[in-house]
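Peer 1: Here it is, the structure in full.
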Amino acid sequence: MKQEGCELDQKTVLSLIEHLQFEGKLNRLLQLLEELKDPDFWFDGCERVVIYCVRHKHLSSAINLLKQLMDRDKMSIYAVLDQMNEEFDMKVKDLVKNLRSAILRL
Numbered sequence: 142m143k144q145e146g147c148e149l150d151q152k153t154v155l156s157l158i159e160h161l162q163f164e165g166k167l168n169r170l171l172q173l174l175e176e177l178k179d180p181d182f183w184f185d186g187c188e189r190v191v192i193y194c195v196r197h198k199h200l201s202s203a204i205n206l207l208k209q210l211m212d213r214d215k216m217s218i219y220a221v222l223d224q225m226n227e228e229f230d231m232k233v234k235d236l237v238k239n240l241r242s243a244i245l246r247l
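Residue numbers (the working numbering): 142 to 247.
Spelled out as structure tokens, the structure:
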């Protein structure tokens, strides 16, 4: 679309980032993130891409994005880290719950 001179709406780009998180295409997510010009949308998109990177063990990309985030707004990095902590804490709790259930079935 960019090659054809089309410019996507910021909400549409953010929706695409949300959707593509589950398809495993980091390069597409990074390209879409570049399309976000509005700082609020960029922050939301960056948060989603960082979480994707951590989830899929693209740690160098996660660190690079966190550095960009800090360059734009040092305080916003805490919100991203809180969101990551919340998401991964829930997964750990679910894992422990599933392990506990599996052990009880033995």
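Cβ coordinates follow ideal geometry from the N, Cα and C atoms, glycine included.
Predicted, not measured: the structure shown is a model, and the values here were computed from it.
#1: Throw me the rounded Cβ distance for the residue 155 and residue 182 pair, which I believe falls under 8 Å.
#2: Within the continuous alpha helix (DSSP H) that includes residue 182, where are the two ends?
#3: Below 8 Å between beta carbons: does that hold for residue 210 and residue 194?
#4: Roughly how many angstroms separate the alpha carbons of residue 235 and residue 228, rounded to a whole number?
#5: Spatial neighbours of residue 191 within its chain, please: C-beta separation below 8 Å, excluding the five flanking residues on both sides.
Peer 2: Straight from the coordinates:
#1: For the purposes of this step, residue 155 is taken as the residue at position 14 of the sequence shown. For the purposes of this step, residue 182 is taken as the residue at position 41 of the sequence shown. Going by Cβ atoms, the distance from residue 155 to residue 182 rounds to 6 Å, so yes, they are a contact pair.
#2: Position 41 of the sequence shown, counted from the first residue, corresponds to residue 182. 180-196 is the span of the alpha helix (DSSP H), which, as asked, contains residue 182.
#3: In the sequence shown, the residue the question calls residue 210 occupies position 69. In the sequence shown, the residue the question calls residue 194 occupies position 53. Result no, Cβ atoms of residue 210 and residue 194 do not sit closer than 8 Å.
#4: In the sequence shown, residue 235 corresponds to position 94, counting from 1. In the sequence shown, residue 228 corresponds to position 87, counting from 1. Each residue's alpha carbon lies about 11 Å from the other.
#5: In the sequence shown, the residue the question calls residue 191 occupies position 50. Once the five neighbours on either side are set aside, the close Cβ partners of residue 191 are 203, 206, 207, 210, 221 and 225.
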